[in-house]
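S.K.:
2 protein chains.
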Amino acid sequence: LKEEGTEIQNLKSKASALDVADPLGHFRDRFVVDDLIYLDGNSLGRLPKATAERIREVVEQQWGERVICSWGEGWLDLPQRIGDKIGRLIGAKEGETIAADSTSVNFYKLVHAALSATDGRVVVTNSSNFPSDLYLLQGLGIEIRQIDSESDEAIAAALDDRTALLTLSHVEFKSGLRHDMKRLTDAAHAVGAKVLWDLSHSVGAVPIDIGEADLAVGCTYKYLNGGPGATAFLYVRKDLQEALRSPIQGWFGQQNAFEFGLNYSPAGGIGRFLAGTPPILSLAATEPGIDLLLEAGMDKVGEKAALQTAFLMEVADSLSLEVITPRNPQRRGSHVAIRHEAAWPIAQALIAEKSVVPDFRTPDVLRLGIAPLYTRYADLAEAMKRIAEVIETRVYHAYSSEIGGVT
Amino acid sequence: LKEEGTEIQNLKSKASALDVADPLGHFRDRFVVDDLIYLDGNSLGRLPKATAERIREVVEQQWGERVICSWGEGWLDLPQRIGDKIGRLIGAKEGETIAADSTSVNFYKLVHAALSATDGRVVVTNSSNFPSDLYLLQGLGIEIRQIDSESDEAIAAALDDRTALLTLSHVEFKSGLRHDMKRLTDAAHAVGAKVLWDLSHSVGAVPIDIGEADLAVGCTYKYLNGGPGATAFLYVRKDLQEALRSPIQGWFGQQNAFEFGLNYSPAGGIGRFLAGTPPILSLAATEPGIDLLLEAGMDKVGEKAALQTAFLMEVADSLSLEVITPRNPQRRGSHVAIRHEAAWPIAQALIAEKSVVPDFRTPDVLRLGIAPLYTRYADLAEAMKRIAEVIETRVYHAYSSEIGGVT
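Dropping the structure here:
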């Protein structure tokens, strides 16, 4: 795979043709982009141009000029309003989704609420789930049945009548495997358990039909392009809301909070899952990115994610790289995971010498994240060419194999 | 008290002289201000000019250009770095304070942590505490001894050997009464209880010596001028940190989070009280406001708060208004509470017709918040003149007495 070779020329021509034909290609102009080949949108999405403008407005006009009055002029409704927009990305109905806190805090609230409303005590999950979710479960003093498999079949088989809750990452953060949401939701319901999906690696990346799922949480700083640590979201199916109580009974979850009554009475509907005052800057920042996805349509975004991940895999195969992401596009998200014993130094070399930002996950996974709204096929072709150069020339040997830092 | 009268001229002359002599007067230029007389900084502080600039930098350069790399270039350390700056405002040592989540979530974490580490089950508080704190306690399934008094003596008398925790707002949100922190901390310790102070209405308003207090939480969007819903903080005395565990075991509280180990092991020190990914925009927004207070010095800020609240009270007395805030400046914060049966329509009339933004708290309290860094004596004189006009002319009768909306 050399610059001069026919193979690379073919690859580039193919990429170029795909970009020209891409119905979503024009969305790239709506983001702040540069020459960097950024394949880490699955960790922190890029800045939509409209977001920079929105934040200036929130800070300089709404806060600077209207000060406290802005609470009554839109801020108070933001968690519901943005929540409902996220709801449209995941197939939820109005009033089922709310923007609040961090994914971790939301996960804690919903697991606690679900377990308080049931006799069952066992939570089923898998060891490839995002570690924060595992840590949070460990802090809740419950019995955890953690299976070492990503297979839907094995997970379904781990459910029984002692199971109170099944919780999984819809798309696994390392492998990129996407679970069959309907199948596992049905399997949980069949044993009388609830299911809580962590949508962090699938929302905005692939179409989601939340269907009959009970609970979900997710993050807005990856494929929703909401900005660093942007406000997360949670979903509770309508008919469950009245029966569930957040353990964190803060005033924003109170009915008529501004009456300042002395006794907590949870707000009706999804609002009861709010806790404290929402961080307006980090919350407002999520809206323009969500709007872009709604404008593009998740079906089209998902189609492009399937095509671009397939394109990446094809090149990875031609380089004899070990792809651990499922081949069936219905069973993967929007990133491709490559296992390589030198994944860490390769990632460092790509960043330092090749203007390619991949993602690394310990101990040996190179994650290549695709954000269909701004990733071009040409970027993918060029990135793979540079990855091949780094591996073939062994320049990565100059980088420490000792894993450290943030990636 | 009429425009033409001697009294109002004397008041204005006095205010003008005080402004000229004010050693903090020049700080007003560091904020975005206008003709509005804004006496609601105790609810949402004004925008520091440096904050608008900082947020542009965080959004447009750090997120827009450096994207994921910014995590390693400062974002990861922000909770500790800003936490330590807040620590300097409250007399804490380095490594005792961290910026995180909302005040409500932090309060929940610390109460849960404190009660898990003790056999005692009774939490003592008072009914004038901020309702969110009461709601959170009610959600924790503990015995609450809630006394109907703001008196330090009565509160101390309510402590006994069954008390696990005493928790109070350092400055009461309605009356503005400031508790004797040392006295009540000692009283709690004398019965073997811990104390948790909510500093939301005192931090940045008056000097605080956290002393031997065990735990504290507080808000940054009032006197710290951090912006709407800005990231809150929590404090845990150094020697207690290792024994306490946050119930919300998110990955940002994990030791070496980026190793992605499967088992939770809390970070050493105050970092263990983080939960999920911090909201960088709402967190970074807090720093310039904190820096302004450090630059001014909390002793000077507290002195001015005492003088300006005294000034307000003197005028209120001359108008025969009922001030419910303590007369001893050591026993109050930086707002003056006036009880009036028509407080709500008066507040509405002031906003709609007089360009004065006071704060209202149900059922009958007009709160006049002073932010010593940007409130002028002339503002206070003019505000009181307009309040007198609204009351004397009874224009407030045109406004509904039915309380509603946010204030």
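Quick note, the sequences are listed as chains A and B, same order. Per this note's numbering, residue 1388 is the first one in the first sequence, and the count goes up by one each step. Per this note's numbering, residue 1388 is the first one in the second sequence, and the count goes up by one each step. Even for Gly, the Cβ is constructed at its ideal location relative to N, Cα and C. Computed from a predicted model, the values in this text were never measured in an experiment.
#1: Our contact map puts B/L1552 next to B/K1581 with C-beta atoms below 8 angstroms; I'd like the distance itself, whole angstroms only.
#2: Show which residues of chain A have a CB atom less than 8 angstroms away from the CB atom of B/D1488.
#3: Would you list the one or two residues that DSSP bridges to B/H1722?
#4: Just the Cα atoms here: how many angstroms apart are B/V1688 and B/P1594?
#5: Within 8 angstroms of any Cβ in chain B, is that where the Cβ of A/F1620 sits?
#6: Who pairs with A/P1653 in a beta bridge, going by DSSP?
#7: Mark A/R1570 as exposed unless 16 or more other C-beta atoms lie within 10 angstroms of its C-beta, in which case mark it buried.
#8: Looking at the structure shown, is B/T1794 part of a helix, part of a strand, or coil, going by DSSP?
#9: Which partner residues does A/Y1608 have in the DSSP bridge list?
#10: Listing by chain order, which chain B residues have their CB less than 7 angstroms from the CB of A/T1749?
#11: By DSSP, does A/P1435 sit in helix, in strand, or in coil?
#12: Apply the 10 Å Cβ neighbour rule to B/K1625 and answer buried if 16 or more other Cβ atoms are within range, or exposed otherwise.
#13: Does B/F1660 come out as helix, strand or coil in the three-state DSSP assignment?
#14: Classify B/G1340 as buried or exposed, calling it buried when 16 or more other Cβ atoms lie within 10 Å of its own Cβ.
#15: If we ignore side chains and look at the alpha-carbon of each, how far apart do A/G1451 and A/L1661 end up?
#16: Going by the DSSP bridge assignment, what does B/R1748 pair with across the sheet?
#17: Closer than 8 angstroms is the cut-off here; do at least three beta carbon pairs connect the stretch 1625-1635 of chain B with the stretch 1674-1689 of chain A?
#18: Please name the residue, chosen from A/R1475, A/V1710, A/G1579 and A/S1589, that lies closest to A/A1724 on a Cα-to-Cα basis.
#19: At the 8 angstroms Cβ level, is B/R1417 part of the contact set with chain A, yes or no?
#20: When the distance is taken between beta carbons, is B/K1561 closer than 8 angstroms to B/R1748?
#21: For the beta strand (DSSP E) containing B/W1462, list its first residue and its last residue.
#22: Is the beta carbon of B/G1605 closer than 8 angstroms to that of A/S1489?
#23: Using a Cβ-Cβ cut-off of 8 angstroms, state whether A/W1731 counts as contacting chain B.
#24: What residues are listed by DSSP as bridge partners for B/Y1425?
#25: Let me know the secondary structure DSSP gives A/F1337 once reduced to three states.
#26: Could one say the Cβ of B/G1412 lies closer than 8 angstroms to chain A's Cβ atoms, at least one of them?
#27: Can you grab the Cα-Cα spacing for the pair A/I1424 / A/A1574, in whole Å?
#28: As a quick exercise: from A/P1634, A/N1516 and A/P1666, pick the residue whose alpha carbon is nearest that of A/Y1495.
#29: Helix, strand or coil for B/R1781, going by three-state DSSP, please let me know.
#30: Under three-state DSSP, which class holds B/V1407?
#31: For B/L1426 and A/L1755, I'd like the C-alpha separation in whole angstroms.
#32: Leaving aside the five residues before and after B/R1726 along the sequence, list all residues of the same chain whose C-beta is less than 7 angstroms from its C-beta, in chain order.
#33: Closer than 8 angstroms is the cut-off here; do at least three beta carbon pairs connect the stretch 1587-1602 of chain B with the stretch 1656-1670 of chain B?
#34: Pair every Cβ in the stretch 1645-1665 of chain A with every Cβ in the stretch 1616-1625 of chain A, then say whether three or more of these pairs are closer than 8 angstroms.
#35: Under 7 angstroms between beta-carbons, which chain B residues line up against A/Q1366? List them in chain order, please.
#36: Could one say the Cβ of B/D1427 lies closer than 8 angstroms to chain A's Cβ atoms, at least one of them?
M.R.: If we stick to the structure as given:
#1: With a Cβ gap of about 5 angstroms, B/L1552 and B/K1581 count as contacting.
#2: The contacting residues are D1488, S1489, V1492 and G1663.
#3: B/H1722 is bridged to B/G1756.
#4: Using only the alpha carbons, I get a separation of about 8 angstroms.
#5: Not one chain B Cβ lies under 8 angstroms of A/F1620.
#6: A/P1653 is bridged by DSSP to A/Q1641.
#7: By the beta-carbon neighbour count (other beta carbons within 10 angstroms, threshold 16), A/R1570 is exposed.
#8: Per-residue confidence for B/T1794 stands at a pLDDT of 45, beneath the threshold of 50, marking its modelled position as unreliable; the derived number appears in the next sentence. DSSP, read as helix, strand or coil, puts B/T1794 in coil.
#9: For A/Y1608, which the question treats as bridged, DSSP gives no partner whatsoever.
#10: Those are E1646 and F1647, listed as they occur along chain B.
#11: Three-state result, A/P1435: strand.
#12: Burial call: exposed.
#13: Secondary structure at B/F1660: helix, using DSSP grouped into helix, strand and coil.
#14: No answer is possible for residue 1340 of chain B: the residues shown for chain B start at 1388 and end at 1794.
#15: Cα to Cα, A/G1451 sits roughly 26 angstroms from A/L1661.
#16: B/V1752, per the DSSP bridge assignment.
#17: These segments do not touch.
#18: It is A/V1710.
#19: Judged by the 8 angstroms Cβ criterion, B/R1417 is not in contact with chain A.
#20: The answer is yes: Cβ separation under 8 angstroms.
#21: No beta strand (DSSP E) holds B/W1462; DSSP gives it neither H nor E.
#22: Not in contact: A/S1489 and B/G1605 (Cβ atoms no closer than 8 angstroms).
#23: So, not an interface residue.
#24: Checking the DSSP bridge columns, you'll see B/Y1425 partnered with B/V1744.
#25: Nothing about residue 1337 of chain A can be reported from this structure: the residues present for chain A run from 1388 to 1794 only.
#26: Not closer than 8 angstroms to any Cβ of chain A, the Cβ of B/G1412 fails to qualify, so no.
#27: Each residue's CA atom was taken as its position, placing A/I1424 and A/A1574 some 41 angstroms apart.
#28: The shortest Cα separation from A/Y1495 among A/P1634, A/N1516 and A/P1666 belongs to A/P1634.
#29: Per DSSP, reduced to three states, the secondary structure at B/R1781 is coil, with no helix or strand assignment.
#30: Three-state DSSP puts B/V1407 in a helix.
#31: Our two residues, B/L1426 and A/L1755, have alpha carbons roughly 52 angstroms apart in a direct line.
#32: So the qualifying residues of the chain are E1709, I1711, D1751 and V1752.
#33: As far as the Cβ criterion goes, the stretch 1587-1602 of chain B does not touch the stretch 1656-1670 of chain B, which means the pair count is below three.
#34: Of all C-beta pairs linking the stretch 1645-1665 of chain A to the stretch 1616-1625 of chain A, three or more are shorter than 8 angstroms, placing the two stretches in contact.
#35: Because residue 1366 of chain A is not part of the residues shown, which for chain A are 1388 to 1794, the question remains open.
#36: Output row for B/D1427: interface = yes.
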